[in-house]
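Asks: The following block contains the structure, expressed as structure tokens.
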Ligand SMILES: Nc1ncnc2c1ncn2[C@@H]1O[C@H](COP(=O)(O)OP(=O)(O)OP(=O)(O)O)[C@@H](O)[C@H]1O
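In the numbering used here, the protein residues as written are -6 to 471.
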């Protein structure tokens, strides 16, 4: 494995209102140097063919795990103490109000996950203490902080008491959905602080809970619509990203200045790179911390692959071939640049595949429309930038493609963004696969650096034998 340089401070590229701009400034990779890629091919490549040979037979949509199988697998995981979905306790034992229990069971949750079991009693204890909580992607962090918000609010006071910040409007909308479902049997009132979806200018916000992106929250504070003097709880979802100095850190710090000193600060993410963690500890002093070891970051249910595309132009051919051969549930293709998203979307559509694209400079209504279409399953393939690399939860997504290997703003391999991207599949005990496209020595080394940093195995899938490729992937999705 190579010793390619690793970034210390991971600067992710997600946007809130316009951080997506950074993405376009990074630029594309060189399309040259295909021979080096072949030289650099790892040993793992050799065992691909034999793995493919004994893989499951070719099959299609019908093989998608039926809901019953998913339920059985989930019940097994929730009974396995080594699983992040395990809990020894029931929701009743976590000290939640019966109206919240009704909301939880209405969502068909039966048992808490490990992060919910561990975090909730700490989050709800009196006096309130800050929290820095880490747990793998798709393990239920949202419920942990949403239940805290719904528990802490005094419903008799019509003023903002809980504020949750997220890095994208798509994630803010998703969190609102969870708040509404979990809070269904409470008198809570929640409003958005996201562009084009917030209450009318001049309206003083009287909702208990605010969910938004930092740029718009600052706007609302500036316009005196949002008074945070009664705030009891500030939650940063995807906290390492929200505190990142290259991204949204400044905006988040500005918001904190308006928050009472006594406010409980709750930070959640699947990743906390060391440098951001130090900053997080200052942002949320004296916090209870729930941490993961470096070796625990990846989710077992997500099988990781790569395809050697021998040149940039071949990446599109591989993609088109893949979608011609396979019917996956739903999939997300991540690219670095917005124009790449648009171009490959147009080409795939021309080739007869129904795909949509989403990026941060699109009109907000268009973003919402595309996301809703994808969430409803009307469209199966979404091509996007890092704008939705984090947090988005669509259980039917069983394939993630890194068309471009994730890099930081400085052009270095970005293991955190990689983890978040592949974490859009394999949610809460489901299985999924990710495929990285490499096309030259440089992109191969970047992928290898990510593999090293995470201590995971990324296995080669052949691009010269599509039947074998199909078998390998189908087996992974079983
Ligand atoms: N106790 C539970 N029982 C069943 N399903 C659950 C439970 N908790 C959460 N889920 C479901 O698991 C999925 C993943 O949860 P969530 O989106 O909160 O993950 P996360 O840890 O925030 O992931 P990420 O790091 O990617 O943001 C959601 O569909 C959620 O409804």
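Built from N, CA and C at the ideal position, the CB exists for glycine as well.
Buried or exposed, going by whether 16 or more other CB atoms sit within 10 Å of the CB of residue 28?
Replies: To locate residue 28, count along the chain shown from 1; it is residue 35. Confidence in residue 28 is poor, its pLDDT being 33 and thus under 50, which makes the residue's placement unreliable; the coordinate value appears in the next sentence. Burial call: exposed.
Asks: Alpha helix (DSSP H) containing residue 466: first to last residue?
Replies: The sequence position of residue 466 within the chain shown is 473, counting from 1. It spans 459 to 469 - the alpha helix (DSSP H) in which residue 466 sits, taken as one unbroken run.
Asks: Taking DSSP as the reference, what is the three-state secondary structure of residue 324?
Replies: Taking the first residue of the chain shown as 1, we reach residue 324 at position 331. Here residue 324 sits in strand by DSSP.
Asks: Using only the alpha-carbon positions, how far apart do residue 85 and residue 369 sit?
Replies: Mapped onto the chain shown, residue 85 falls at position 92. Mapped onto the chain shown, residue 369 falls at position 376. For residue 85 and residue 369, the distance between alpha carbons rounds to 32 Å.
Asks: I want to check one thing, is the minimum distance from the CB of residue 100 to the heavy atoms of ligand 1 below 7 Å?
Replies: Counting from 1 along the chain shown, the entry for residue 100 is found at position 107. Under cutoff, so the answer is yes.
Asks: Are there 16 or more other CB atoms within 10 angstroms of the CB of residue 148, so buried, or fewer, so exposed?
Replies: Numbered from 1 along the chain shown, position 155 holds the residue referred to as residue 148. The residue in question, residue 148, is exposed, as its Cβ has fewer than 16 Cβ neighbours within 10 Å.
Asks: If you count every other CB in all the chains shown that lies within 10 Å of the CB of residue 413, and 16 or more means buried, which is it?
Replies: Taking the chain shown and counting its residues from 1, the one referred to as residue 413 is at position 420. By the 10 Å Cβ count, residue 413 comes out buried.
Asks: In three-state DSSP terms, what is residue 415?
Replies: Residue 415 sits at position 422 when you count from the first residue of the chain shown. In this structure, residue 415 counts as helix in the three-state DSSP scheme.
Asks: Do the stretch 232 to 243 and the stretch 260 to 279 make contact, defined as three or more Cβ pairs closer than 8 Å?
Replies: Yes, since at least three Cβ pairs between the stretch 232 to 243 and the stretch 260 to 279 fall closer than 8 Å, the two stretches touch.
Asks: Cβ of residue 291 versus every heavy atom of ligand 1: is any distance shorter than 7 Å?
Replies: Start at 1 with the first residue of the chain shown, and residue 291 comes out as number 298. No, the beta carbon of residue 291 sits no closer than 7 Å to any heavy atom of ligand 1.
Asks: Pick helix, strand or coil for residue 273, following the three-state DSSP scheme.
Replies: Walking along the chain shown from the start, residue 273 turns up at place 280. In the structure shown, residue 273 sits in a helix (DSSP, three-state: H, G or I).
Asks: Suppose you measure from the CA of residue 360 to the CA of residue 191; what does that come to, to the nearest Å?
Replies: Within the chain shown, residue 360 is the residue found at index 367, counting from 1. Within the chain shown, residue 191 is the residue found at index 198, counting from 1. Cα to Cα, residue 360 sits roughly 16 Å from residue 191.
Asks: With a threshold of 7 Å (Cβ to nearest heavy atom), would residue 384 be considered close to ligand 1?
Replies: Here residue 384 refers to the residue found at position 391 when the chain shown is read from its first residue. Yes, the Cβ of residue 384 comes within 7 Å of a heavy atom of ligand 1.
Asks: Nearest by alpha-carbon distance to residue 144: which of 113, 127 and 123 is it?
Replies: Within the chain shown, the letter at position 151 stands for residue 144. Ranking 113, 127 and 123 by Cα distance to residue 144 puts 113 first.
Asks: Taking C-alpha atoms, which residue in 426, 390, 439 and 394 lies nearest to residue 408?
Replies: Taking the chain shown and counting its residues from 1, the one referred to as residue 408 is at position 415. It is 439.
Asks: Is residue 104 near ligand 1, with its Cβ less than 7 Å from a heavy atom?
Replies: Within the chain shown, the letter at position 111 stands for residue 104. Because some heavy atom of ligand 1 lies under 7 Å away, the Cβ of residue 104 counts as near it: yes.
Asks: Return the bridge partner residues of residue 155 from the DSSP annotation.
Replies: Translated into positions along the chain shown, residue 155 becomes position 162. Paired residue(s): 202 and 226.
Asks: Is it the case that the Cβ atoms of residue 212 and residue 151 are separated by a distance below 8 Å?
Replies: Start at 1 with the first residue of the chain shown, and residue 212 comes out as number 219. Start at 1 with the first residue of the chain shown, and residue 151 comes out as number 158. Not in contact: residue 212 and residue 151 (Cβ atoms no closer than 8 Å).
Asks: Please indicate yes or no: does the CB of residue 468 lie closer than 7 Å to some heavy atom of ligand 1?
Replies: As a first step, residue 468 must be located in the chain shown, where it is residue number 475. Every heavy atom of ligand 1 is 7 Å or more from the Cβ of residue 468, so no.
Asks: Between which two residues does the beta strand (DSSP E) holding residue 186 run?
Replies: Residue 186 sits at position 193 when you count from the first residue of the chain shown. Counting along the chain, the beta strand (DSSP E) containing residue 186 begins and ends at 183 to 186.
Asks: Which residues does DSSP list as the beta-bridge partners of residue 425?
Replies: Stepping through the chain shown from its first residue, residue 425 is reached at position 432. In DSSP, residue 425 forms a bridge with 295.
Asks: What number of angstroms, rounded off, separates the C-alpha of residue 325 from the C-alpha of residue 387?
Replies: Numbered from 1 along the chain shown, position 332 holds the residue referred to as residue 325. Numbered from 1 along the chain shown, position 394 holds the residue referred to as residue 387. When rounded, the distance between both Cα atoms is 10 Å.
Asks: Nearest-angstrom Cα distance between residue 272 and residue 125?
Replies: Taking the first residue of the chain shown as 1, we reach residue 272 at position 279. Taking the first residue of the chain shown as 1, we reach residue 125 at position 132. Answer to the nearest angstrom: the Cα atoms are 11 Å apart.
Asks: Given a cut-off of 8 Å, decide if residue 165 and residue 185 are closer than it, judged by their beta-carbon atoms.
Replies: Here residue 185 corresponds to residue number 192 of the chain shown, with the count starting at 1. Here residue 165 corresponds to residue number 172 of the chain shown, with the count starting at 1. Against a cut-off of 8 Å, the Cβ pair of residue 165 and residue 185 comes out as a contact.
Asks: The alpha helix (DSSP H) with residue 97 in it runs from where to where?
Replies: In the chain shown, the residue the question calls residue 97 occupies position 104. Looking at the DSSP string, the run of the alpha helix (DSSP H) that includes residue 97 is 91 to 99.
Asks: Below 8 Å, can you find three or more Cβ-Cβ pairs linking the stretch 118 to 133 to the stretch 166 to 181?
Replies: Output reads no: the stretch 166 to 181 does not touch the stretch 118 to 133.
Asks: Got a sec: does ligand 1 put a non-hydrogen atom nearer than 7 Å to the Cβ of residue 420?
Replies: Taking the first residue of the chain shown as position 1, residue 420 is located at position 427. Yes, since a heavy atom of ligand 1 falls inside the 7 Å radius drawn around the Cβ of residue 420.
Asks: Cα-Cα, which of 305, 332 and 423 is closest to residue 61?
Replies: By 1-based counting over the chain shown, the position of residue 61 is 68. Per the Cα distances, 423.
Asks: For residue 260, which of helix, strand or coil comes out of DSSP?
Replies: The residue labelled residue 260 in the question sits at position 267 within the chain shown. Here residue 260 sits in strand by DSSP.
Asks: Are residue 226 and residue 256 close, meaning C-beta to C-beta below 8 Å?
Replies: The sequence position of residue 226 within the chain shown is 233, counting from 1. The sequence position of residue 256 within the chain shown is 263, counting from 1. Contact: yes.
Asks: Less than 8 Å between C-beta atoms, sequence neighbours within five positions excluded: which residues of the same chain meet that for residue 355?
Replies: Taking the chain shown and counting its residues from 1, one reaches residue 355 at position 362. Within the same chain, residue 355 has close Cβ partners 363.
Asks: I need the straight-line Cα distance from residue 64 to residue 111, nearest angstrom please.
Replies: Residue 64 sits at position 71 when you count from the first residue of the chain shown. Residue 111 sits at position 118 when you count from the first residue of the chain shown. Their Cα atoms are separated by approximately 23 Å.
Asks: If the criterion is Cβ atoms closer than 8 Å, does the pair residue 175 and residue 258 meet it?
Replies: Looking up residue 175 in the chain shown gives position 182. Looking up residue 258 in the chain shown gives position 265. No; because the gap between Cβ atoms is not below 8 Å, this pair is not in contact.
Asks: When the distance is taken between beta carbons, is residue 327 closer than 8 Å to residue 391?
Replies: As a first step, residue 391 must be located in the chain shown, where it is residue number 398. As a first step, residue 327 must be located in the chain shown, where it is residue number 334. It is not a contact, given that the beta carbons lie outside the stated cut-off.
Asks: Could you give the first and the last residue of the continuous alpha helix (DSSP H) run that contains residue 125?
Replies: Stepping through the chain shown from its first residue, residue 125 is reached at position 132. Run containing residue 125: none in the alpha helix (DSSP H); it sits in the beta strand (DSSP E), 124 to 127.
Asks: CA-CA distance, residue 208 and residue 162?
Replies: Numbered from 1 along the chain shown, position 215 holds the residue referred to as residue 208. Numbered from 1 along the chain shown, position 169 holds the residue referred to as residue 162. Rounded to the nearest angstrom, the two C-alpha atoms are 11 Å apart.
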